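A short worksheet on the structure shown next.
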Amino acid sequence: MSAYLLKRLIIAAATLVLASMVVFAVLEIIPGDPARLMLGMNASAEQVEVLRNQMGLNAPLALRYLHWAGGLLSLDFGRSYTYSVPVIDLVRERVVVSLPLALIALALSTAIAIPVGLFSASRRGRAGDAIAMGVAQFGVAVPNFWFALMLIYLFAVWLRLVPAGGFPGWGAGAWPALKSLLLPAVALALPQAAILARVARSALIEVLNEDYIRTARAKGMPYRAVLWRHALRNAMIPVLTILGLQFAFLLAGTIIIENVFYLPGLGRLLFQAITQRDLIVVESVVMLLVAAVIAVNLLVDLSYAVVDPRLRSRQ
Amino acid sequence: MTLHVDIPEETLAGILAKAFRNRSFLVGFVITALVGAVAVLSYAWTPYDVTRLVISDKTLAPSWAHWFGTDHFGRDILSMIMVGARNSIAVALVAVGIGMGVGVPLGAFAAARGGLADEALMRLNDLVFAFPALLSAIMITAIFGPGAINAIIAIGIFNIPVFARVARAGALAIWPREFILAARAAGKGPTLITIEHILPNIATLLLVQGTIQFALGILAEAGLSYVGLGAQPPMPSWGRMLFDAQTRMVVAPWMAIFPGMAIAVTVLGLNLLGDGIADILDPKSRRQR
Chain P
3 MSAYLLKRLI
13 IAAATLVLAS
23 MVVFAVLEII
33 PGDPARLMLG
43 MNASAEQVEV
53 LRNQMGLNAP
63 LALRYLHWAG
73 GLLSLDFGRS
83 YTYSVPVIDL
93 VRERVVVSLP
103 LALIALALST
113 AIAIPVGLFS
123 ASRRGRAGDA
133 IAMGVAQFGV
143 AVPNFWFALM
153 LIYLFAVWLR
163 LVPAGGFPGW
173 GAGAWPALKS
183 LLLPAVALAL
193 PQAAILARVA
203 RSALIEVLNE
213 DYIRTARAKG
223 MPYRAVLWRH
233 ALRNAMIPVL
243 TILGLQFAFL
253 LAGTIIIENV
263 FYLPGLGRLL
273 FQAITQRDLI
283 VVESVVMLLV
293 AAVIAVNLLV
303 DLSYAVVDPR
313 LRSRQ
Chain C
232 MTLHVDIPEE
242 TLAGILAKAF
252 RNRSFLVGFV
262 ITALVGAVAV
272 LSYAWTPYDV
282 TRLVISDKTL
292 APSWAHWFGT
302 DHFGRDILSM
312 IMVGARNSIA
322 VALVAVGIGM
332 GVGVPLGAFA
342 AARGGLADEA
352 LMRLNDLVFA
362 FPALLSAIMI
372 TAIFGPGAIN
382 AIIAIGIFNI
392 PVFARVARAG
402 ALAIWPREFI
412 LAARAAGKGP
422 TLITIEHILP
432 NIATLLLVQG
442 TIQFALGILA
452 EAGLSYVGLG
462 AQPPMPSWGR
472 MLFDAQTRMV
482 VAPWMAIFPG
492 MAIAVTVLGL
502 NLLGDGIADI
512 LDPKSRRQR
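From first to last, the protein sequence lines are chains P and C.
Under our numbering, the first residue of the first sequence is numbered 3, with each subsequent residue one higher.
Under our numbering, the first residue of the second sequence is numbered 232, with each subsequent residue one higher.
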């Protein structure tokens, strides 16, 4: 167990460090001087130079990287060039929108996909399976932001059940806030659910062909129990892998979906920061999202060990 | 003299016969061919000129004159979708080309060498996978500015590790086979073996992955154009059309419905095609379906 765990941890940490170097380097090559940007076009060269020194922009590259990376570790992301407030405050405001959105979407997609996968796998080749997989095939092909527009048209414009966009904030109460996250979460979840259902189905079918399934059936275990106890557990590895990958897609998806629904989340923040050339915000948000993806993939790797005892015992 | 596969090679006629019996393949092939044909046709003919703005015809509902209606500048939506197909196809195709061109040699090399080279490649893959495609696209756009070319680069970069992974996994499965041993005994080096024996044997895998990435590329391009980072106006693109439609959902829902359908149908066709090819050329995958 410990060797597997340790290797995964080291890989995750190394990936994180490399990723931070990439992000830092990429934003270093971007043209445009943040000090000039803050002071405006009328500032004199001396004024800009003073601010550059204050902001530490004249320090050597490696030193600036270490300073920035060290700040990240202590959650000190620096100050936004355009808002003149600590980046962490901006992030904190936005994360309470994006994170619940991604988690609700992930939960929704799993809650839809696993039962559909079980349904289809146990009725393989029959009409129910064909219909479910036909729908899933279409679900994979639909772009989530288009699906979001259609949902807005149906539920907000036509039926007027939910708001078409915007976010009242958690201060307005849990229900109004959740209500405005509902459509975005569904828009994010359904295409992912379609992919996950297909993976779950084929993993389950693979497992259902195994001898131990036949043994379980032969000893008189009810089909439903075989499906849930033996088949689903053994089909979890591919399902978990896809689930981990999907979290990355969901996070990226929130960037677009937040723009569809005008949700004040990390994605909107990122876009505004790019258009305003607020590089320190861009750096921080990108780094946060990348760290989240790496962390989730690490969690998935670790959960393999929980699901599959063979990985635990392997030294 | 070359030694190829150790299983009896299927005849072309046999494969074609199977293709005609495979529903996924047939439907996927027809849709994909149709979309391709529409894109080619758009160079010669569209119902209306997409560069001509007719403000008096703005946001007309679908009719016999304008099958899919018109947009806020009075442009014919059907014509724009036809022209937009070019952009989607070009971006996705080149992005797949970048992914294959760089990823496959990397993956094949890692499999042939093993050891440190292999480990390094896999870790590099981890690194790229940590950046969701859209995120890297946003960063690239932040540096070079928005545009179709940068969208291609962003999607292409994301494709590289995907193909590297598939090529490596496929190659690793071929290397222990007996005909490879025979080739080595005949004195061939790893490079020659990779070119003559490994690549032909993983071509199917790559083809299937290629159609999947093609489909994903079309979705990604639409997403980038939708947020304004892809193709720039006046070049019609499906994602951009959806962006324009968003604020006009109440008055002109057709502006959103048809471009989205175009994306969905194209991606659906490519996915079906990929499934079909996998079925036809790899009997093992059929058992799982």
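We put the CB at the ideal spot given by N, CA and C, even for glycine.
Computed from a predicted model, the values in this text were never measured in an experiment.
- Taking a C-beta cut-off of 8 Å against chain P, the contacting residues of the segment 431 to 456 of chain C are Ala-446, Leu-450, Ala-453 and Gly-454, listed in chain order.
- Around Arg-354 of chain C, the beta-carbon contacts reaching into chain P at under 9 Å are Ile-13, Ala-16, Thr-17 and Leu-20.
- Excluding residues up to 5 positions away in sequence, Ser-310 and Met-313 lie with their Cβ nearer than 6 Å to the Cβ of Thr-277 of chain C in the same chain.
- Cβ neighbours of Phe-273 of chain P within its own chain (closer than 8 Å, five residues either side excluded): Ile-257 and Asn-261.
- A residue is called buried when at least 16 other Cβ atoms come within 10 angstroms of its Cβ; Gln-248 of chain P meets this threshold and is buried.
- Val-241 of chain P and Val-359 of chain C have their C-alpha atoms roughly 22 Å apart.
- Pro-392 of chain C is outside the set of residues whose beta carbon lies under 9 Å from a beta carbon in chain P.
- Contact of Thr-497 of chain C with chain P is assigned, a C-beta pair being separated by under 9 Å.
- Annotation: Cβ neighbours of Leu-253 of chain P in chain C (cutoff 7 Å, chain order): Pro-363.
- Look at Met-238 of chain P: its C-beta is not under 9 Å from any C-beta on chain C.
- Here DSSP, grouped into helix, strand and coil, assigns Arg-81 of chain P to strand.
- 9 Å or more divides the Cβ of Gly-315 of chain C from the Cβ of Ala-483 of chain C.
- Contact annotation, Ala-199 of chain P with Gly-267 of chain P: C-beta distance approximately 27 Å; criterion of less than 8 Å not satisfied.
- Cβ-Cβ separation between Arg-203 of chain P and Ala-123 of chain P: approximately 5 Å, consistent with a contact (criterion under 8 Å).
- For Gly-378 of chain C, the closest Cβ of chain P is not nearer than 9 Å.
- The beta carbon of Ala-189 of chain P sits closer than 7 Å to those of Asn-146, Phe-149, Ala-150, Leu-153 and Ile-259, all from its chain and outside the five residues before and after it, given in chain order.
- DSSP places Tyr-306 of chain P inside the alpha helix (DSSP H), whose first and last residues are 281 to 309.
- The count of Cβ pairs closer than 8 Å, one atom from the segment 393 to 406 of chain C and one from the segment 328 to 339 of chain C, reaches three, so the stretches are in contact.
- One thing to note: Ala-379 of chain C has its Cβ no nearer than 9 Å to the Cβ of Ser-287 of chain C.
- At the C-beta level, Ala-342 of chain C and Ala-402 of chain C come within 9 Å of one another.
- Of all residues in the segment 42 to 74 of chain P, none has a C-beta nearer than 7 Å to a C-beta of chain C.
- In this structure, the beta-carbon distance from Asp-310 of chain P to Ile-207 of chain P does not fall below 9 Å.
- Judged by their CB atoms, Ala-21 of chain P and Ile-197 of chain P are not nearer to each other than the 9 Å cut-off.
- Closest by C-alpha distance to Val-281 of chain C, out of C:Thr-478, C:Met-466 and C:Ile-488, is C:Met-466.
- Across the segment 275 to 309 of chain P, CB contacts with chain C closer than 7 Å involve Ile-276, Val-284, Val-288, Leu-291, Val-292, Val-295 and Ile-296, in sequence order along the chain.
- Ala-220 of chain P counts as exposed, since fewer than 16 other beta carbons sit within 10 angstroms of its beta carbon.
- Contact annotation for Pro-484 of chain C against chain P: Tyr-155 [CB-CB distance below 7 Å, chain order].
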